[in-house]
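Chains as they are written, first to last, in the working numbering: chain A, 2 to 103; chain B, 7 to 128; chain C, 17 to 390; chain D, 1454 to 1685.
This report concerns only the one structure given below.
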Amino acid sequence: MNELQFFVAASAIFFAIGVYGLLSKRNAVRILFSVEIIINAASLNIAAFARYMPYNLGNAQSIAIFVIALAAAEAAAGLALIIEAFRLRGSVDVEEMDELKG
Amino acid sequence: MFGPGQGLYWFIVFALLALISGLLFLIIPFFLAPRRRSAIKEDTFEAGQLPPGAKRIRFALQYYAYLLLFLLFDVTIMFLFVWAYSFFGEGRYGFAYPLALIAVLLPPLIYAVKLSKIKEMW
Amino acid sequence: MTETPRGDFFKTFRIVVTIVFLASTALLLYMLYGPAMSVISYFLRDPQAFLVDPLFMVLIFPGLTYAGLVAYLAIWGERKFAAKVQNRVGPLYAGALPGGILQNIADLVKILFKEVIIPRDSDKPIFILAPVFAFIVGSLPVVLVPYSPTYVILDFPVGLILFFVFTAFYPLVLLLAGWSSNNKFSFIGSLRALYQQASYEIPLFLSALAPVMLAGSLRLVDIGSAQGSVWFILVAPISAIVFFTSILAELEKYPFDIPEADSELVAGWLTEYSGVPYLLYQFGAYIKMVAYASLFTVLFLGGWAGFAFLAPEWWMVIKVAIVVTIVISTRAFFPRIRMDQLLSAGWTKLIPLALLSLASLVVLQMLGLLAFLR
Amino acid sequence: MTRLDYLLAIAILAFTSLMALLALESKSLVYGAVSLSGFFLGLSLFFFELGLLYLGVFQLLVYVGAVSVLILFAVMVIGHTPRKPTVGRFGGLGFLGGLFIALAAVFAGLAMLFSFLDLAVDTILQSLIYIGPVVVLLAFAVLFRGEPRGRSSYRFEAFGVLGAFLIFGSFLGALSYLGSLSVFSGDVTFSMADVAQSLLGQYGLLMVVLGLLLASAAFGAVALAKKEKEEK
């Protein structure tokens, strides 16, 4: 096996773990964790390809950095939403957030 | 990447030393110090009073905005570090981008600081 | 005084800690075996060469022994100095001529024999391990600071940011410590500390941009070497002042010791800690202070630049000693300020000042006055 | 990569995937948040291993230094599930440690075997190496989960495992294709100038737009977190 394969497989493992969490958890905080894991897996993928395919390392790092910054913004907004939901109903279970159900 | 000639090797040695000395200090009192447990001693310490009410309390979120600002500035300053690194490159990249970044950050800063001063808002 | 049954927890915990301890000791011995052998083989022929060996650096000079020694002297000096200012005597009996200089060793022995009280309702794994992490996190930055181009353990291309990374771990540790104590005072104290650290990290980073701009590098050795002709404190004085103030806030030193305000919050986030864990926190904090003082010296005070009659490392040591003295003397001089004042001062005064300093550097560069640095 | 580098990378992989699973599966949310910061740390170790130092430092400062703190803070605000006896959780940790060591041993053994024999391993065998840990870890995740289960919970579990397998299965094809490529495995030297050139030169405008996005996210978050006037 070559090195690129190893790192891409690592990123795939993280991605799969993230998808598992996203599908099976009902706690909003855990869902946020899963999203973070998925985003991190993506940035690892970018980094691995940049290192082992002869591309511009600077560009690859910038793109991964943008991914990270985006995820930071997402975490800030998501946490504020979760705290607000907790204030309104005293629970962060996404199954119970069904006010909009017809 | 990894060998006795490199700094990283010695970094790991240093970290291990710190870990070992910390754990050593943690282990020593198991042998030296007495351990006589009692209910009052292990109760929560609240300056001599009996702790009233629940142990964990809900607290006001008054300065939460500062934490959000911290996250925002953290990311931006990492960009500014790159700009500062290339500052002496004959002004190749100019001052437009950092100026724009800082200008973009100012409104949320003012908003958050203003809000955090009013206790009733939280 | 009823005896409560000893839980299974401590048995398991002691086993786990011992296993980790033995494993890391074995790894350390394995890693040190080769270098130590080579040192022994050449030491008799050439003792001078040992002084620039990495083993020497890690164990003695910029590493553990030196940092621990400076931290020790700083603790003693802080007590003695504050006592003198407040017309007390301070440490007196242990140790002969300077007066009580062995007091800390006496205290260490006392603390080792003290009972470690673990509150019943605390979250025990985090409660016990948090001080160890605080100690590690506090002592890791020492690795990165160069004492001269040869005396540096880890010469990292983005060393300045890595230094900030290590100090940025600290809020995580103290939040966990305050939470796991399960005490109202602890948690309020740790929240205060968190807000304070988060608020003052930003001016710290912003003011550290000035040396990076002037030296054109993020490698600490390069930044220090760039100050051979002129120290950066002369070029960017505002940045230096902001940096020093933020250091005081990060270290929870006296005008900013709100997290541990002993007259309001018992001991802040350290309320439930006693004995050895408390010692680990305090010692980690003082080693962190040494690291910050050396970073301030490298960034603004010219690093190892000095006259030729002393080796560059000695100049660095002298400057660090001066900076540490200034830091600990604040305890005697300043009152404590209020939480909201502190936070809004960080965001509304220090950040604009740091940005102003950067703007002044840009203007100087545009006028062509910074050409002498190149 | 040398053999030592391989072992290091495998250890990091085991650590990081363990942390990711613990973040999702640990009983208390605070422990989950701490494990999540461990996951971020492990990922930055991957970046350092790849030689992308600035990216690794960025990851550490933003994720471990800021995002983790924010998440931990929010989790502590929300409160936590009622405490379980510590013995059970610690027993779980012991089991986890055993699993971790076993996994690391399996990984290390396989890696040593391949690097010693230097065989042209066939693709199915490689895929097995990749699938193995995921199967083990996911089985563990299903067997030992902390959150109280509702009646419909097992259905979600099943969905989760199925989804993870589908995703990973779709990666496998790509993985076996990557095995046939010839990659550039020489040394790369990190240079800050590269990053500066691309971040300020090529993507400068994008950086400012990202700043705008971050600022608006902070605006929104502050506005959400503050109390409405009417609710006392």
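Quick reminder that beta carbons are idealized off the backbone N, C-alpha and C, glycines included.
Chain C beta carbons: is any one of them nearer than 8 angstroms to that of residue i?
{"i": "residue 1529(D)", "result": "yes"}
{"i": "residue 103(B)", "result": "no"}
With a threshold of 8 angstroms between beta-carbons, can residue i be considered close to chain B, or not?
{"i": "residue 163(C)", "result": "no"}
{"i": "residue 236(C)", "result": "no"}
{"i": "residue 70(A)", "result": "yes"}
{"i": "residue 77(A)", "result": "yes"}
{"i": "residue 198(C)", "result": "yes"}
{"i": "residue 46(A)", "result": "no"}
{"i": "residue 1660(D)", "result": "yes"}
{"i": "residue 1543(D)", "result": "Any reading at residue 1543(D) is ruled out, since the residue's pLDDT is 40, under 50, leaving its predicted position unreliable."}
{"i": "residue 301(C)", "result": "no"}
{"i": "residue 1727(D)", "result": "Residue coverage of chain D in this structure runs from 1454 to 1685, which leaves residue 1727(D) outside it and unanswerable."}
Thinking C-alpha only, which one of the options is nearest residue i?
{"i": "residue 236(C)", "options": "301(C), 40(C), 168(C), 264(C)", "result": "168(C)"}
{"i": "residue 37(A)", "options": "23(A), 27(A), 49(A)", "result": "23(A)"}
{"i": "residue 73(B)", "options": "114(B), 34(B), 35(B), 48(B)", "result": "114(B)"}
{"i": "residue 286(C)", "options": "69(C), 192(C), 350(C)", "result": "192(C)"}
{"i": "residue 351(C)", "options": "47(C), 272(C), 160(C)", "result": "272(C)"}
{"i": "residue 314(C)", "options": "160(C), 117(C), 361(C)", "result": "160(C)"}
{"i": "residue 164(C)", "options": "134(C), 302(C), 322(C)", "result": "322(C)"}
{"i": "residue 106(B)", "options": "1659(D), 1676(D), 1483(D)", "result": "1659(D)"}
{"i": "residue 13(A)", "options": "86(A), 45(A), 81(A), 90(A)", "result": "45(A)"}
{"i": "residue 88(C)", "options": "68(C), 119(C), 98(C), 78(C)", "result": "119(C)"}
{"i": "residue 387(C)", "options": "122(C), 144(C), 204(C), 245(C)", "result": "245(C)"}
{"i": "residue 1643(D)", "options": "312(C), 289(C), 174(C)", "result": "174(C)"}
Give a yes or no on whether 8 angstroms exceeds the smallest Cβ distance from residue i to chain G.
{"i": "residue 88(B)", "result": "Any reference to chain G falls outside this structure, whose protein chains are A, B, C and D."}
So residue i packs on residue j, CB below 8 angstroms; how close in whole Å?
{"i": "residue 1492(D)", "j": "residue 1469(D)", "result": "6 angstroms"}
{"i": "residue 8(A)", "j": "residue 49(A)", "result": "4 angstroms"}
{"i": "residue 1523(D)", "j": "residue 77(B)", "result": "6 angstroms"}
{"i": "residue 180(C)", "j": "residue 221(C)", "result": "6 angstroms"}
{"i": "residue 99(B)", "j": "residue 1673(D)", "result": "Contact flag wrong, Cβ pair sits at about 30 angstroms."}
{"i": "residue 16(A)", "j": "residue 1463(D)", "result": "That pair is no contact at about 18 angstroms."}
{"i": "residue 196(C)", "j": "residue 152(C)", "result": "Not quite, the Cβ-Cβ distance comes to about 17 angstroms (not below 8 angstroms), so this is no contact."}
{"i": "residue 132(C)", "j": "residue 39(B)", "result": "6 angstroms"}
Determine whether the Cβ of residue i lies closer than 8 angstroms to any Cβ atom of chain A.
{"i": "residue 81(B)", "result": "yes"}
{"i": "residue 77(B)", "result": "yes"}
{"i": "residue 1499(D)", "result": "yes"}
{"i": "residue 1484(D)", "result": "no"}
{"i": "residue 1491(D)", "result": "no"}
Taking C-beta pairs closer than 7 angstroms, name the residues in chain D that residue i reaches, listed in chain order.
{"i": "residue 9(A)", "result": "1628, 1631"}
{"i": "residue 19(B)", "result": "What residue 19(B) touches in chain D: nothing, since even the nearest Cβ is about 15 angstroms away."}
{"i": "residue 177(C)", "result": "1510, 1514"}
{"i": "residue 173(C)", "result": "1506, 1643, 1645"}
Using the beta-carbon of each residue, which ones in chain B are nearer than 8 angstroms to residue i?
{"i": "residue 188(C)", "result": "Within 8 angstroms Cβ-Cβ: nothing; residue 188(C) doesn't reach chain B, min ~13 angstroms."}
{"i": "residue 1467(D)", "result": "None at all; the shortest Cβ gap to chain B is about 18 angstroms."}
{"i": "residue 1511(D)", "result": "84"}
Residue i touches chain C at which residues, Cβ-Cβ below 9 angstroms?
{"i": "residue 1526(D)", "result": "191, 207, 210"}
{"i": "residue 1495(D)", "result": "Neighbours of residue 1495(D) on chain C: none; closest Cβ ~14 angstroms, over 9 angstroms."}
At least one CB of chain D closer than 8 angstroms to the CB of residue i: is that the case?
{"i": "residue 184(C)", "result": "yes"}
{"i": "residue 38(B)", "result": "no"}
{"i": "residue 370(C)", "result": "no"}
{"i": "residue 15(B)", "result": "no"}
Run down chain C in chain order and give the residues with a C-beta less than 8 angstroms from the C-beta of residue i.
{"i": "residue 117(B)", "result": "Per Cβ cutoff of 8 angstroms: no residues; residue 117(B) is ~11 angstroms from chain C at best."}
Which residues in chain A sit within 7 angstroms of residue i, going by Cβ to Cβ distance?
{"i": "residue 74(B)", "result": "77"}
Which residues of chain C have a Cβ atom closer than 7 angstroms to the Cβ of residue i, listed in chain order?
{"i": "residue 69(B)", "result": "211, 359"}
Strictly below 7 angstroms CB to CB, what residues from chain B border residue i?
{"i": "residue 356(C)", "result": "123"}
{"i": "residue 29(A)", "result": "Under the 7 angstroms cutoff, chain B gives no residues; its nearest Cβ is about 17 angstroms from residue 29(A)."}
Run through chain A and tell me which residues come within less than 8 angstroms of residue i, C-beta to C-beta.
{"i": "residue 1647(D)", "result": "57, 58, 59, 62"}
Can you name the residues of chain D whose CB is closer than 9 angstroms to the CB of residue i?
{"i": "residue 22(B)", "result": "Within chain D, no residue comes near residue 22(B); the closest Cβ sits about 15 angstroms away, beyond 9 angstroms."}
{"i": "residue 37(A)", "result": "1476, 1489, 1492, 1493, 1516, 1520, 1524"}
If the cut is a Cβ gap below 8 angstroms, which residues of chain D does residue i touch?
{"i": "residue 107(B)", "result": "1660, 1661, 1664"}
inquiry  = Assess contact between the region 292-300 of chain C and the region 1475-1483 of chain D, defined as three or more Cβ pairs (one per stretch) separated by less than 8 angstroms. Is contact present?
reply    = As far as the Cβ criterion goes, the region 292-300 of chain C does not touch the region 1475-1483 of chain D, which means the pair count is below three.
ask   = Using 8 angstroms as the Cβ pair cut-off and three pairs as the minimum, do the region 303-320 of chain C and the region 142-162 of chain C touch?
value = Taking a contact to require three or more Cβ pairs closer than 8 angstroms, the region 303-320 of chain C and the region 142-162 of chain C qualify as touching.
Contact between the region 1647-1661 of chain D and the region 80-95 of chain B (3+ Cβ pairs under 8 angstroms) = By the criterion of at least three beta-carbon pairs nearer than 8 angstroms, the region 1647-1661 of chain D is in contact with the region 80-95 of chain B.
request  = Please determine if the region 64-73 of chain A and the region 1507-1517 of chain D are in contact, where contact requires at least 3 C-beta pairs separated by less than 8 angstroms.
outcome  = The region 1507-1517 of chain D and the region 64-73 of chain A touch, with three or more beta-carbon pairs separated by less than 8 angstroms.
query = Per the contact definition of three or more C-beta pairs closer than 8 angstroms, is the region 202-217 of chain C in contact with the region 247-258 of chain C?
reply = The region 247-258 of chain C is not in contact with the region 202-217 of chain C.
ask   = Given 8 angstroms as the limit, is there contact between the region 123-138 of chain C and the region 180-190 of chain C, that is, 3 or more CB pairs closer than that?
value = Touching, no, given that fewer than three Cβ pairs across the two stretches are closer than 8 angstroms.
request  = Could you tell me whether the region 25-42 of chain A touches the region 75-85 of chain A, using the rule of 3 or more Cβ pairs below 8 angstroms?
outcome  = Here the region 25-42 of chain A makes contact with the region 75-85 of chain A; the two share three or more CB pairs at distances below 8 angstroms.
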